[in-house]
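Reading through the structure tokens given below for one structure.
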Amino acid sequence: MSLRIVYGRAGSGKTRFIQQEIAEELKRQADGNPIFFIVPDQMSFSTEYRLSSAYGMTGMIRAQAVTFKRLAWRVLQEVGGISRKEVDTFGYRMLIRSLLEEHREDFQLFRRAAGKRGFTDQIEQLVKEFARYCVDCGEFTTIRSSLTEVGAPRTLLDKAADLELILAKIESRLGKVFVDSEGYLALLSEKIRHSAIIQSGHIYIDGFVSFTAREVEIISELMKYAKSVTIALPLDPQTSPNDEQALFYQASQTAQRLTEQARKEGVEVETPVHMPSPMRFNNKELAHVERHFDDYPIEKTTSEGHVSIVEASNRRAEIHAVARAIREQVRNGMRYKEIALLYRQPEIYDELINTIFPQYEIPYFISQKKSMLHHPLIEFSRSVLEAVLSNYSYEPVFRAVKTDLFFPEESVQRWRERSDILENFVLANGIYGERWFDDKRWFYKKYRGLEFHTGIQTDEELAAQTELHAVRDLVREPLARLKDKLETCTTGKDIAESLFLFVEEMDVYGKIQSLREREESEHRLLAATEHEQAWTQWIGVLDQFVLMFGDKKMELPAAVKILDEGFETLEFSRIPPSLDQVTVSKIDLARLMDIKSVFVIGANDGVLPRRIEQEGLLTDSDREWFAQVGFELAPTSRMRLMDETYMVYRAFTSASDLLTVSYPIADEEGKALLPSLYISKLQEMLGIETIPAVNDPEELLEASQLSYISHPRATLPYLASQLRGGHVTAEWRAVLAYYKEDPFWSSVIKRILEPVKPNVADPLREDITEPLYGIPISSSVSRVETYFSCPFAHYVTYGLKLEERSQYKLAPPAMGDLFHAAIKWISDEVNRLDVSWSSLTKKQCQELAKQAMDQLSPYFVNQILISSHRYRYIQHKLEGIIRQTAFMLSKHAKVTGFSPVALEVGFGPKEAIPPLDISLNRGRRMNIRGRIDRIDSTNIKGKPYIRVVDYKSSKQELELSDVYHGLSLQTFTYLDVALTHSERWLGEQAEPAGVLYFHMHNPMLKSSKLMTAEEVEDEMAKSFKMNGLVVEDPDLVYAMDEEIDGYSNIIPVRMNKKGEISRSQSKTVQKDDMETIRKFVRNKHQSAGNRILEGDTQITPYKVKEDTPCQFCSYRSICQFDPTDPEQTYHKLPALSSDKAVELIRKEMNADDTDETD
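Residues in the sequence shown are numbered from 117 upward in steps of one, following our numbering.
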């Protein structure tokens, strides 16, 4: 029974001293009394490997490298207690979650937080902290009473009451049957006195700076009953245990505490072993850093090049610089296993390391654990449970589908493609809940407006429906069986069994094994081990769930929440796949041995030292209250900040030969980052300058660029940058020659040397355009307008036939279809009832609007308007628009001499009116199809006149400037068709009267004064004034608005007091100009058709003032149009006045007439 402390500064040989002593004892007697070498988790593998292979050893029996927990297992196996059922990390987390849910209403302070994500983790950390510091429920009751006596704040007392309740329930649930990880240490403390192996054994402890109260309790028992206890501590003999600012303050406190405890227990305290001189360092520079790290004023010396500071332009450049340095060190004879990389921010750096190190062929091992949440098995389990709970909502169902675990193993790729059809269908048709099982909803047909239900499925749609049904059944049927089973479950065991049987039915284990075999065949050993770990851990969660809740009555939602908490806890534990590789570790967890070169990356202000924030449920103030009543807990934020200095000291002194500290000066967004205070400290101590690391070596002097030539793959981007710059130095020309001569890289460099292709869409050959677009071209007015807006958008839409994914939502185009169909239905009903529009009352319009919506809503966008209460409300609002529109149409009918002669007039193939036929070059043709909302006519002085009215669900202006540029051709094309076929309705050829837009809406009037009913009616009428263009003829104007007096409330015209049209305040054109515009629009169609067949696909979106089609374009990610690039420009179009536009249209048409005459 003795205590011996081996102490010394970093690198003084404490670990080597202990290991050599153990090795000598093993050589002296291979099978004597047991030796236990207790180390932290992260040191256990390397310590055991070193003990069994170094110091002339080839193996061992007596000695074991253990953690405190493994020592507990060993002792409990001997003396009893190991038979208790273990509640592991995820079981413990699930237990806490269940307690929080059960007792939420009993909490005083935690009631609202108890259900929040992440709160379980905070409770778990705090409860484990209590266990480490020997605070059980009984102790906590005492603490709470003491806090009350000393007048602690009410918030802390409420918090203490809630924590006492949680501790009591955990202890009650665990009882004498279960044990958690911290419970093993409590049992170890109790059982050490009964252990023969401890009583006959020697104990060595290394790798710690301080110990928790529970660990001190265990060490105290070991000192009392083991033959000897030797503890290594990083300590300077000059450090006072009372100097809180000292570098070795914690270790000094630990040594003092253990020594006092030994003397208190009557244990012999041997003379401490002091390791005075540093043994680790192979140069004076690193020894100087170690010796004077915390000295003030700073002790200076001259650098010998063993310490480097790298200033990188960003984190990517920083990791590239580290990779180049590692390659250089290995070329100079160092092994990868002798190099370590330490960092503070794995969430930032891991992805960069995983991307960049393989480019340099650097083997590495990241010791940071990775969550299992994204493994297919875990995602599949969580998603299917959520799918059942959420009644088959889209998100969880397709998260499960995308794991591929529903699909037969031999044809995964084919089923993936089918699942895309399923996902698109579900999104477009709003499939959820019982709709998954309503076969009537699984009719595959592309939605083409309200005629959707009257059309016939194409062969392509029939084939897609067959594929759709197959993949639907593959997903739907197993989920339905799982739901049926889960709905009959009453206990936790039933629920876990149902999930297991479902996974077994889907042959998930076999599929995971196949994934593992594939990873192994591709030599991805770490990834391969993850699949087996995932399965084992998944089984572990179910086992723990059954262990804790097997016989308990449970509702499915509560069980799923608890299971989800367990799944979230799962992490992959990693074992190095080889011995010769760079170690990558968090700076605070690293325990390095035999490392020659250390890279400390990300050394920025706020990172080293870390900006300490109060974390967890207990604040620093709370901890001080605990300390005031005599109970020790984990250190406060202030103490942890002081520990930061020691952590950085340990990192900087881990290497024997080389230290490189790097920091970026900007993050990924270009925001400035400041260097750590330790950067300036090293610079002042050693008198060294920073080494720049940049993304483009061209920024450096030619001599400095050589280090960027490191590995063929990684050097390629740098070479490409040099070649783009124009001036290529001799060194980079030599690199280029290497690539050209190398059999593998020659083909790669050939592609790089090709000129950078500008963002230009090459024109299509005519032998491609004809089969692509078809002859004759079957077109529409909107298609031609799209072409004039941007030829590339036309090519993508009508050539490649790309389209956005349809979703089950009410989009503006669909609402427009509904309004059109409703007005058409009302018009048909008016005709059927043999009444006129002008005779309709407001009440009749209301009734007709309701009847129209009742008739149409079941056929509108897959019954969306009757799918929920929200959409029922939207239906009511849409009905209001139709009602108001119908009423305003009736009011217009009362004061106009024009009357409808045709509604919803379709022209095109399979329509009563043939398409507008446009002749193109080389005898080719283009057929324009469309649908005219309304054609009105009147007869003036024996002549029939026609006007076209187009209903719009949003306000729209008719600008002749847009007509001239080809951006607005619809109304004039419709007028052309109406005039061409006017004899069909009127029996004779009609003349044009105008083109008008009618805005269908239900306006909200704004007024600063109270209006009378008549004023409201008048303002409402003004809001329905049609916009467009009419022929400049007073007789036509009066025919359109028989009550016009000044400004018309119906058409965009003002009459002056003389009864003449006020041209400056009206939108009118001469009759001849209307005919000219009609012909001009035909020419625009012709021009577009010819250019389309010539293969025009230019990325040239128009720009009129600030308006461009790019703002709402769906294809921006495809064309990558960048207006800031001088080589990419808009097709800038002038904004023309109406008079100027008419003048240009006349000029072009006159020129065409002259050409034809010639």
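Backbone N, C-alpha and C define an ideal beta-carbon position, used for all residues, glycine too. Bear in mind that the values here come from a model prediction, so they are computed numbers and not experimental data.
Counted within 10 angstroms of its Cβ, other Cβ atoms place residue i as buried (16 or more) or exposed
{"i": "Ser694", "result": "exposed"}
{"i": "Val266", "result": "exposed"}
{"i": "Ile177", "result": "exposed"}
{"i": "Ser689", "result": "exposed"}
{"i": "Tyr824", "result": "buried"}
{"i": "Phe161", "result": "exposed"}
{"i": "Leu705", "result": "exposed"}
{"i": "Gly746", "result": "exposed"}
{"i": "Val880", "result": "Strictly speaking, residue 880 in this sequence is Leu, with Val absent from that position. Buried, because 16 or more other Cβ atoms sit within 10 Å of the Cβ of Leu880."}
{"i": "Gln136", "result": "exposed"}
{"i": "Ser1124", "result": "exposed"}
{"i": "Gln1186", "result": "exposed"}
Within 8 Å, strictly: CB atoms of residue i and residue j
{"i": "Tyr476", "j": "Gln697", "result": "no"}
{"i": "Ala439", "j": "Leu708", "result": "no"}
{"i": "Lys416", "j": "Gly722", "result": "no"}
{"i": "Leu1085", "j": "Lys1200", "result": "yes"}
{"i": "Asp322", "j": "Glu287", "result": "no"}
{"i": "Pro353", "j": "Ala367", "result": "no"}
{"i": "Thr607", "j": "Asp667", "result": "yes"}
{"i": "Glu84", "j": "Glu882", "result": "Only positions 117 to 1274 of the chain appear in the structure, and residue 84 is not among them; the question remains open."}
{"i": "Val1111", "j": "Val1064", "result": "yes"}
{"i": "Leu672", "j": "Leu543", "result": "no"}
{"i": "Pro1239", "j": "Tyr1246", "result": "yes"}
{"i": "Ser499", "j": "Glu687", "result": "no"}
{"i": "Ser1254", "j": "Leu1036", "result": "no"}
{"i": "Gly996", "j": "Gln660", "result": "no"}
Reduced DSSP secondary structure (H/G/I, E/B, other) of residue i
{"i": "Gln1000", "result": "helix"}
{"i": "Thr1245", "result": "coil"}
{"i": "Asp773", "result": "coil"}
{"i": "Val1011", "result": "coil"}
{"i": "Pro974", "result": "helix"}
{"i": "Tyr548", "result": "coil"}
{"i": "Ile825", "result": "coil"}
{"i": "Pro479", "result": "coil"}
{"i": "Lys1068", "result": "strand"}
Rounded separation between residue i and residue j - CA only
{"i": "Leu521", "j": "Leu211", "result": "29 Å"}
{"i": "Leu749", "j": "Glu638", "result": "49 Å"}
{"i": "Ala809", "j": "Ser792", "result": "17 Å"}
{"i": "Ala437", "j": "Gly718", "result": "12 Å"}
{"i": "Leu216", "j": "Ile728", "result": "29 Å"}
{"i": "Glu1259", "j": "Leu1145", "result": "16 Å"}
{"i": "Thr375", "j": "Ala771", "result": "31 Å"}
{"i": "Asp1274", "j": "Ser1015", "result": "Here the model assigns Asp1274 a pLDDT of 48, short of 50, so the residue's position is not dependable, and the following value carries that caveat. Their backbone Cα atoms lie some 44 Å apart in a straight line."}
{"i": "Arg756", "j": "Ala788", "result": "27 Å"}
{"i": "Ile134", "j": "Asp773", "result": "23 Å"}
{"i": "Phe397", "j": "Ser262", "result": "52 Å"}
{"i": "Ser429", "j": "Leu852", "result": "26 Å"}
{"i": "Tyr365", "j": "Glu760", "result": "12 Å"}
{"i": "Met450", "j": "Ser701", "result": "19 Å"}
{"i": "Arg144", "j": "Gly175", "result": "14 Å"}
Bounding residues of the alpha helix (DSSP H) (the contiguous stretch that carries residue i)
{"i": "Phe616", "result": "608–621"}
{"i": "Ile334", "result": "329–341"}
{"i": "Asn470", "result": "462–472"}
{"i": "Gly626", "result": "624–637"}
Span of the beta strand (DSSP E), counted from its first residue to its last, around residue i
{"i": "Gln180", "result": "179–182"}
{"i": "Lys1026", "result": "No beta strand (DSSP E) holds Lys1026; DSSP gives it neither H nor E."}
{"i": "Thr806", "result": "806–809"}
{"i": "Ile1044", "result": "1041–1056"}
Any non-hydrogen atom of the ligand FMN closer than 7 Å to residue i Cβ
{"i": "Glu502", "result": "The ligand FMN is not part of the structure shown, which contains no ligands of any sort."}
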